[in-house]
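In the working numbering, the protein residues as written are 80 to 700.
Below you'll find the structure, written out as C-alpha cells, and then a few comments.
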C-alpha cells in the first residue's frame, strides 16, 4: 500500500506509533484501501494472540515469508520507547478512541467564516490559527488511562451495542453533581443505570462503562463553559494565552464552540510571553522584594511595556530605567495639583471660548491623546499607551505648555480669567490622565484622583467614573487648520531658540527673556500670506511674546525694509528675525524686561503691569 506520506527516510512510522492503529495517516490509508487493520493483540486475532510480544523468533515475519509476502528481513538497533515510571519497554496496542469530526456538517467552513471577524493580537496569530483550522480534520478526545474524567458511555457486554448517548450523559451529570468526578471513576453500571434499561439490540442487562477518559486538551478547551454556566451572559470577551501554549488550542476551542453553540466563544485572542527575570524565571520572593522597593505600580508598568512576541521581563534594572520616566510624570502632576489648591471648578471654570490660544492647543493635544490611547487599549497595545502619555505629559505639557504659561500663571491675579483659564486646563488634564493610567497604574491614579478638586464629590473612586472618549464636537476642518497653525508656530519657536543659541556670544544676551524680537517676512516668500496672517493674529492677541518666551515681539509690515543685521530661520527661507536686548530692567515679579521698571518709588523693582496687579487693578486680566 503506497501513499504520499510514506518516505524513504522515515517509512510509515508503524513500528511503535501510539496513535490508533499505527499512525493516524496509516490508519486513514488502510481504512481507505482495505477497511482497516486487525489488532494482533486482541482475541479476534487467529494466529498471534498467544504469542509473546518480544519473541525473538518473530512469528509474524515467519508467516509472511511462508506466504511469499516478505521482501526482505534484517535486524537493526534503534531507540525504543520505555515507560517513564518503571523504565520497562512499552507495548503498542491499538484501541478504539473517540474522535471529534472537525469537518462534518460544514463545521470547518462555518468556523472559518466566523473566524474572519475575530480580533487577534499580534496579527500573525490570526494567520497561524486559520492555518490550524484548515489543516485539522479530526481531534482525538479520549485516551486509555486509569485516572481522569471517564467518557460517559455505556456498552452492552453481550453485543457491544452502545446505549443512547444523551441518556448516558444525563445520568453521569447527576452523579457528578452529587459525588464529583471521583464518583464516576469507580462506578458500576448497575449503580447508575435504571433497572428498566435494557440493550436495544439484544435485550441484555449486562453493561460496562467506556474504558477511555477524556483528554486533557478536550477538558481544557471546553472549560470556559463550566465557568460561565451560572452566569446570565454565556460569552467571553477575551482569550489570553501564552506564546508557548499549545498552538492547536485556539483552533480547537473555536471549532468546538461552533459545533455546540453555533458561535465563537470569544471576540479576541491576545498572546503574550512568559514572565522572566534576569535568569529564566521569576520567584515569588523576588517579586515581593521588588514590590517593597518600588511599589506594585512599577511591577504593573513593567508588564505593560511587554510586547506580544517577547518575554515579560521583570528585573531591578528594568524597573529602575522605567522609574525615571514614572518620577518625571509624577513630579509634573504634582506641579499641576499644586496650582489647583484654591481652584473651585464649580465657580472658577472658564469656558472654551474664553481660553487663550495656547490653552486650546494643549486641550487639542489632550483630545488626540485620548483618541490614540483608546485605540491602543482596544488593540491591547499596552506598551504604546504609557509611551504616549509620557510624551504628552513631559513634552507637550511640561516643556511647551507650562513653560509658555508660567508667566501668566505667576504674574496674573488669582481671580483673573487668564490664570483661571490655566487652572481650568490643569484640572481637565489631571482628570483625564488619572482615568487613562488607571488600568495600568491603579494606585497612582487613585492617589491622583484624591487630590483633584471636587473629583471625589462626583465619583468616590476613579474607577466609578466614565473612561475618556474622543470629543467630536469640534469641526474636523477647523481642527486640521488649528493643528497646522500650531505646528508652524512651534516650528518657528524652535528655530528661534536654535538661532539664539548659535549667536548667543555675538548678541551678548544671557537668555531669551531679555530679548526683544522683530520678525520680517519677505513678500516673495511662497507661504507669505499664510505665515503673515498667522503671526499677525498671535501678535495682535499679545500672546506671541508668551509663546516665544521673550520680553517683546513685533511683526513688521510686508513693505518694511529688512535690516542688514538679521538672522534667517532654517526651514523658513522668507522669515528673518532681529534680536536685540530689551530696553529697560528686569521686573522681579514677572521676569520681563521693561522700561517701566523703576518708575515707581513705592515699587522700584517692578514694572507697571505688576504694580497694577498689586494695587488691585485688572491690568493683567
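Ideal Cβ placement from N, Cα and C applies to all residues, glycine included.
Counting C-beta pairs closer than 8 Å gives three or more between the segment 569-578 and the segment 644-659, which meets the contact rule. By the Cβ neighbour-count rule, residue 216 is exposed, with fewer than 16 other Cβ atoms within 10 Å of its own. Under DSSP, residue 287 takes part in a beta bridge, and its partners are 234. Apart from the 5 residues on each side of it in sequence, residue 300 sits with its Cβ closer than 7 Å to the Cβ of 328, 331, 332, 335 in its chain, given in chain order.
Rounded to the nearest whole angstrom, the C-alpha separation of residue 675 and residue 693 is 15 Å.
Pairing residue 542 with residue 498, the inter-Cα distance amounts to about 30 Å. Per DSSP, reduced to three states, the secondary structure at residue 221 is strand.
Annotation: residue 548 is outside any alpha helix (DSSP H) and is labelled neither H nor E by DSSP.
Ranked by Cα distance from residue 625, the options 606, 489, 559, 602 are led by 489. When only Cα atoms are considered, residue 343 and residue 454 end up about 23 Å apart.
Counting other Cβ atoms within 10 Å of its Cβ, residue 233 reaches 16 or more and is therefore classed as buried.
Assignment of beta strand (DSSP E) within the segment 572-615, counting only whole runs of 3 or more residues, yields 594-600 in chain order.
When beta bridges are read from the DSSP output, residue 199 appears opposite 348. If you draw a straight line from the Cα of residue 238 to the Cα of residue 289, it comes to about 14 Å. According to the DSSP secondary-structure assignment, residue 168 is paired through a beta bridge with 161. A distance below 8 Å separates the beta carbons of residue 366 and residue 378. Note on residue 281: under 16 other CB atoms within 10 angstroms of its CB, so exposed under the neighbour-count rule. If one requires a minimum length of 3 residues, the beta strand (DSSP E) runs lying completely within the segment 248-299 are 286-288, 291-293, in chain order.
Bridge partners of residue 633 according to DSSP: 597.
When only Cα atoms are considered, residue 504 and residue 438 end up about 7 Å apart. Annotation: residue 629 to residue 526 spans about 37 Å, alpha carbon to alpha carbon. Note on residue 475: 16 or more other CB atoms within 10 angstroms of its CB, so buried under the neighbour-count rule. Under the three-state reduction of DSSP output, residue 568 falls in the helix class. If you compare the alpha carbons of 196, 211, 261, 685 with that of residue 187, the shortest gap goes to 211.
Using a C-beta cut-off of 8 Å, the segment 657-669 makes contact with the segment 584-596, since at least three inter-stretch Cβ pairs fall below that distance. In the DSSP annotation of this structure, the continuous segment of the alpha helix (DSSP H) that includes residue 138 starts and ends at 138-146. Sequence-distant partners of residue 613 (beyond 5 residues in either direction) whose C-beta falls short of 8 Å from its own C-beta, in its chain, are 564, 567, 568. If you draw a straight line from the Cα of residue 600 to the Cα of residue 645, it comes to about 12 Å. Listed as beta-bridge partners of residue 664 by DSSP are 673.
DSSP links residue 648 through a beta bridge to 651.
Segment contact: the segment 400-413 against the segment 466-481, three or more CB-CB distances shorter than 8 Å; contact assigned. Straight-line measurement puts the Cα of residue 352 at about 40 Å from the Cα of residue 253.
The beta-carbon distance between residue 223 and residue 291, rounded to whole angstroms, is 6 Å. This is short enough to meet the 8 Å contact definition. In the displayed model, residue 533 falls within coil according to three-state DSSP, outside both helix and strand. For the pair residue 141 and residue 131, the Cα-to-Cα distance works out to about 14 Å.
Counting along the chain, residue 478 sits inside no alpha helix (DSSP H), nor does DSSP assign it H or E at all.
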